[in-house]
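Be aware that the sequence shown starts at 3, since it is given in our numbering, and climbs by one per residue. For reference, the structure discussed in these notes is given below.
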Amino acid sequence: MVGHRMRYAEVSVNSPVAQRRFFSYAIPPDLDVVVGQAVWVPFGDKILQGIVLELTPYPSVEETKEIAGIIESRPLLSPFHVLLACWISGHYLSPLFDAVALMLPPGFERKALTFISIPSIPDDLDLSSLTQGQRHVLELVQRQGKVGLKQLERILGKKKAQTIVSQLVRRGLAVRSYELEKVKVKPKMVSYLHLAVEADEAQQEATRLRERRANKQADLLNFLIRQPRPLPLAEVRKSALYSAAAIKALVSKGLVRMEQVEVTREPISYEGITPSQPLTLSPAQESAWQAIRSGLPWGRKGSTLSPVFLLHGVTGSGKTEIYLQALAEIVKQGKRGIVLVPEIALTPQTIERFASRFFHKVAVLHSQLSPGEQFDEWRRIRDGEFDVVIGSRSAIFAPQPDLGLIVIDEEHEWTYKQHDKSPRYHTRDVAIKLAELTGAVVILGSATPDVETFYRAQRGDYQLLQLPERVTPGEGAFLPQVEIVDLREELKAGNRSLFSRSLSQSVAEALANREQVILFLNRRGTASFIQCRNCGFVLRCKRCEVALTYHFADDMLVCHQCNYRVPVPQVCPQCLSPRVKFLGIGTQKVEQEAGYTFPQARLLRWDSDVTKRKRSHEEILGKFRAHKADVLIGTQMIAKGLDLPLITLVGVVSADTGLNLPDFRAGERTFQLLCQVAGRAGRGSLGGRVIIQTYSPGHYAIQAAAKHDYASFYNTEINYRRQLHNPPFSRLACLTYSHRNDALCQREAERMRNRLTEEIESRGIADLSLIGPAPAFIHRLRGRFRWQLILRGAEPSALLSQIPIPQGWAVDIDPVGLT
Ligand code: ADP
Ligand code: ZN
Ligand code: ZN
Numbered sequence: 003m004v005g006h007r008m009r010y011a012e013v014s015v016n017s018p019v020a021q022r023r024f025f026s027y028a029i030p031p032d033l034d035v036v037v038g039q040a041v042w043v044p045f046g047d048k049i050l051q052g053i054v055l056e057l058t059p060y061p062s063v064e065e066t067k068e069i070a071g072i073i074e075s076r077p078l079l080s081p082f083h084v085l086l087a088c089w090i091s092g093h094y095l096s097p098l099f100d101a102v103a104l105m106l107p108p109g110f111e112r113k114a115l116t117f118i119s120i121p122s123i124p125d126d127l128d129l130s131s132l133t134q135g136q137r138h139v140l141e142l143v144q145r146q147g148k149v150g151l152k153q154l155e156r157i158l159g160k161k162k163a164q165t166i167v168s169q170l171v172r173r174g175l176a177v178r179s180y181e182l183e184k185v186k187v188k189p190k191m192v193s194y195l196h197l198a199v200e201a202d203e204a205q206q207e208a209t210r211l212r213e214r215r216a217n218k219q220a221d222l223l224n225f226l227i228r229q230p231r232p233l234p235l236a237e238v239r240k241s242a243l244y245s246a247a248a249i250k251a252l253v254s255k256g257l258v259r260m261e262q263v264e265v266t267r268e269p270i271s272y273e274g275i276t277p278s279q280p281l282t283l284s285p286a287q288e289s290a291w292q293a294i295r296s297g298l299p300w301g302r303k304g305s306t307l308s309p310v311f312l313l314h315g316v317t318g319s320g321k322t323e324i325y326l327q328a329l330a331e332i333v334k335q336g337k338r339g340i341v342l343v344p345e346i347a348l349t350p351q352t353i354e355r356f357a358s359r360f361f362h363k364v365a366v367l368h369s370q371l372s373p374g375e376q377f378d379e380w381r382r383i384r385d386g387e388f389d390v391v392i393g394s395r396s397a398i399f400a401p402q403p404d405l406g407l408i409v410i411d412e413e414h415e416w417t418y419k420q421h422d423k424s425p426r427y428h429t430r431d432v433a434i435k436l437a438e439l440t441g442a443v444v445i446l447g448s449a450t451p452d453v454e455t456f457y458r459a460q461r462g463d464y465q466l467l468q469l470p471e472r473v474t475p476g477e478g479a480f481l482p483q484v485e486i487v488d489l490r491e492e493l494k495a496g497n498r499s500l501f502s503r504s505l506s507q508s509v510a511e512a513l514a515n516r517e518q519v520i521l522f523l524n525r526r527g528t529a530s531f532i533q534c535r536n537c538g539f540v541l542r543c544k545r546c547e548v549a550l551t552y553h554f555a556d557d558m559l560v561c562h563q564c565n566y567r568v569p570v571p572q573v574c575p576q577c578l579s580p581r582v583k584f585l586g587i588g589t590q591k592v593e594q595e596a597g598y599t600f601p602q603a604r605l606l607r608w609d610s611d612v613t614k615r616k617r618s619h620e621e622i623l624g625k626f627r628a629h630k631a632d633v634l635i636g637t638q639m640i641a642k643g644l645d646l647p648l649i650t651l652v653g654v655v656s657a658d659t660g661l662n663l664p665d666f667r668a669g670e671r672t673f674q675l676l677c678q679v680a681g682r683a684g685r686g687s688l689g690g691r692v693i694i695q696t697y698s699p700g701h702y703a704i705q706a707a708a709k710h711d712y713a714s715f716y717n718t719e720i721n722y723r724r725q726l727h728n729p730p731f732s733r734l735a736c737l738t739y740s741h742r743n744d745a746l747c748q749r750e751a752e753r754m755r756n757r758l759t760e761e762i763e764s765r766g767i768a769d770l771s772l773i774g775p776a777p778a779f780i781h782r783l784r785g786r787f788r789w790q791l792i793l794r795g796a797e798p799s800a801l802l803s804q805i806p807i808p809q810g811w812a813v814d815i816d817p818v819g820l821t
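Structure below.
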């Protein structure tokens, strides 16, 4: 060994009080400790899990305790992941272990079990010097070799067991060791039915059963006789022959056996998937590909910086084919990749496409896998068994070795931000950091890039590559025609229905042609703003420009950024109409009214209320795909993954619901969603059209979406952002305080505002402003009221990292969306 032995370890400890701190521990001489390893450490009077983040020759505090043991000798985090965890904790101001935990194998966070064993009893031990209890424990441990503390506690009582063990350990007669409690991973069992007798005998029995008119049993028996091998119960269930009573009767007569067979967990079934070859790229794809290729690790010359590419192209422009070819290239170079897609896009079709190109070399990670499956996948990924890991948000933390490429498809999706628990990270930023650490390349793909991403690409931080057209010539190559309907005109013409004349007529035509229709609302539930039904006017905050939110309780309009309040006006300030309190619409309302207007149509509703159950997504989709319904009514979810040839009409019932959310990103969100839903129509040879109903037909987001014109949307949007000093021209930090008592919440928020104002003034920070406090958009969540403060400026986290944040506050750096 060269130089100093590293005698100390800096450890991230799994305790809520650890916060963003490392803790120094001495390394006992007999332990081999390495960075990234999981260890047991004493913490207060407990033994907790920790991950070694650094080895040092000197401790950072005077008094250190010793590491108590090693949980697993093989490191769980690579050196890159250790650096990434530290970056996440620093950047998002999250507890260090929260960041570390993102990268640990599923099921890692378990309690320590204490065991007692006896190294060797000294020959000269005077047994009479021991108490009866001590002798009792010694004998027991000696007999069994190793005894769990839990077992001793059951025999002797908790207190007594712990005292005796401590006494024995102090005298050097016993030692403690620690193990993780076992993960409970259940094997997956499947029931099979098979004949319990020879086929001839079964045949005779079947005849006899039929004579006795036990037809169900006879049919089932005949069916089983014809099967060449045992049949999964699930398959019988799907057939018309299924009868639980008949199965029970046949089993009790000894004619049929039901057996439980353990099956291996294989997240991807390769059954029905055939290996596929790369396609010949179109000229547009080819030029994008050449740019990416020269940026891949081995093609890179001179510069050491890992490039980030933004691949901007409409759906169907061939982005995925480029991802596949880039992955193939890095695999050729001996590297591996990670592909991220939004959870909802992680469909069997997506997985199949990657699995057929990288046959048996694709791992899948997502939240619907069982803990056992996740655990198995994690281990196999770490062992380098896969060329490609595909998954939703958290797959960015997969222990994929030799990382060469990270792809983020639909990079603008808000689900890439984890907003509901710490660390409140954004997958895109984490991916770019990880690429920087590992030398990997990042490809961001989108039809409607995030305005901030596009701004960075314009500025040259990212390399912009564009695919302006759909690949496939002919069928479905053209984007659908979009018509904007001005709802103000409908009311004037005496139409009080939710559906404009144009939409009603088009739906009727589509139904007459046996085609399918989507009716889309870009927000679930009822809207939170009020609108003049006559002219579409929406009241906005004078200071913040955002739409005011209606509060039922006190009939007031409130700004959720600065807490500005006004009573609801009696008449519209713009057109003086008294119909000023129109409260938007929800999916149920649309379903109801579609029922009256199109009584002949078969309706299907798809929103989060009906899709709470696992797999119901696929059920609803399957039903619509099989043309068992004519009209699909839904929210956001509809916008993705639907690629059906019979859909010839998409009606956006009200584009305004999303447009008037109190959020500076409302325009962007509306544009993205409208483009996405519009892309759902006309995927087949029948062509298609889109009708957008709105009270703001002139709004730039709606105008641009109707023309599929990203550039014009972006140019308007980026100017607003610049004028109002919103991201990317500033950064935000959102502080949320929650408590059961609303008034207390407000007081605490005000106290924090004063505190921050003082800090800003005393430090002389000029470019940092404070917005709020105000009730959060979701004012009450799971029984707790919530108040928010927003810090806006060049580096709000620089200030926040230097002041202690009291209990009860949640900090969200670079927040996205309303929470
Ligand atoms: P995107 O990811 O941009 O939506 P895809 O890569 O999925 O686009 O391409 C859309 C369709 O066109 C797919 O069916 C794909 O198989 C096909 N496709 C893509 N590239 C080519 C190509 N170079 N030649 C022929 N077909 C292609
Ligand atoms: Zn009005
Ligand atoms: Zn305001």
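Just so it is clear, CB atoms sit at the ideal spot from N, CA and C, and this is done for glycine as well.
Residue i burial status per 10 Å Cβ neighbour count (16 or more: buried)
i, result
"Arg137", "exposed"
"Gln262", "exposed"
"Asn743", "exposed"
"Ile815", "buried"
"Leu307", "exposed"
"Glu454", "buried"
"His368", "buried"
Residues near residue i in its chain [Cβ-Cβ closer than 7 Å; skip 5 each side]
i, result
"Asp452", "Glu413 and His414"
"Cys835", "Limits of the chain in this structure are 3 at one end and 821 at the other, which puts residue 835 out of reach."
"Ala40", "Gln51, Ile53, Ile73, Glu74 and Leu78"
"His701", "Leu661"
"Leu281", "Glu323"
"Gly527", "With a pLDDT of only 46 at Gly527, under 50, the local geometry of the prediction cannot be trusted, and the value read off the model is given with reservation. Answer for Gly527: Gly588, listed in chain order."
Helix, strand or coil at residue i according to DSSP, with G and I counted as helix
i, result
"Gly527", "In this prediction, Gly527 scores a pLDDT of 46, lower than 50, which makes its location untrustworthy; the coordinate-derived value is nonetheless stated afterwards. Gly527 falls in the coil class under three-state DSSP."
"Lys334", "helix"
"Lys363", "coil"
"Met191", "strand"
"Phe45", "strand"
"Asp431", "helix"
"Lys148", "strand"
"Lys161", "helix"
"Gln809", "coil"
"Val15", "strand"
"Val443", "strand"
Chain-order list of residues whose beta-carbon lies under 8 Å from that of residue i (same chain, five-residue window excluded)
i, result
"Arg757", "Ile805"
"Gly774", "Gln563, Cys564, Asn565, Ala751, Arg755, Trp789, Gln790, Leu791 and Ile792"
Beta-carbon proximity list for residue i, same chain, < 6 Å, skipping 5 on both sides
i, result
"Glu466", "Residue identity check: residue 466 is Leu in the sequence provided, not Glu. Within the same chain, Leu466 has close Cβ partners Leu312 and Ala459."
"Lys152", "none"
"Ala357", "Ile270, Ile275 and Val364"
"Ser91", "Arg22, Leu98 and Ala101"
"Asn728", "Phe666"
"Ser245", "Lys218"
Supposed contact pair residue j and residue i - C-beta distance, whole angstroms, cut 8 Å
i, j, result
"Leu734", "Ile693", "At roughly 36 Å, the Cβ-Cβ gap does not stay under 8 Å, so Leu734 and Ile693 are not in contact."
"Ser296", "Gly538", "Actually they are not in contact, since the Cβ atoms of Ser296 and Gly538 sit about 50 Å apart, beyond 8 Å."
"Glu822", "Leu223", "Residue coverage of the chain in this structure runs from 3 to 821, which leaves residue 822 outside it and unanswerable."
"Leu469", "Lys321", "7 Å"
"Pro482", "Ala703", "About 18 Å separates the two Cβ atoms, so there is no contact after all."
"Leu257", "Ala204", "6 Å"
"Glu181", "Phe117", "6 Å"
Contact with chain B by residue i, beta-carbon distance below 8 Å
i, result
"Leu312", "Among the chains of the structure shown, chain B does not appear; only one protein chain is present."
* So does the segment 649-667 actually touch the segment 511-525, counting three or more Cβ pairs closer than 8 Å? -> yes
* Asked: Taking contact to mean at least 3 C-beta pairs separated by less than 8 Å, is the segment 9-17 in contact with the segment 48-58?
  -> yes
* Three or more C-beta pairs closer than 8 Å, one from the segment 389-402 and one from the segment 337-344: is that the case here? -> yes
* To do: Report yes or no: do the segment 155-169 and the segment 223-239 share at least 3 C-beta pairs separated by less than 8 Å?
  => no
* Asked: Counting Cβ pairs closer than 8 Å, one from the segment 322-333 and one from the segment 344-359, do we hit at least three?
  -> yes
* Contact between the segment 283-298 and the segment 422-429: three or more CB pairs below 8 Å? -> no
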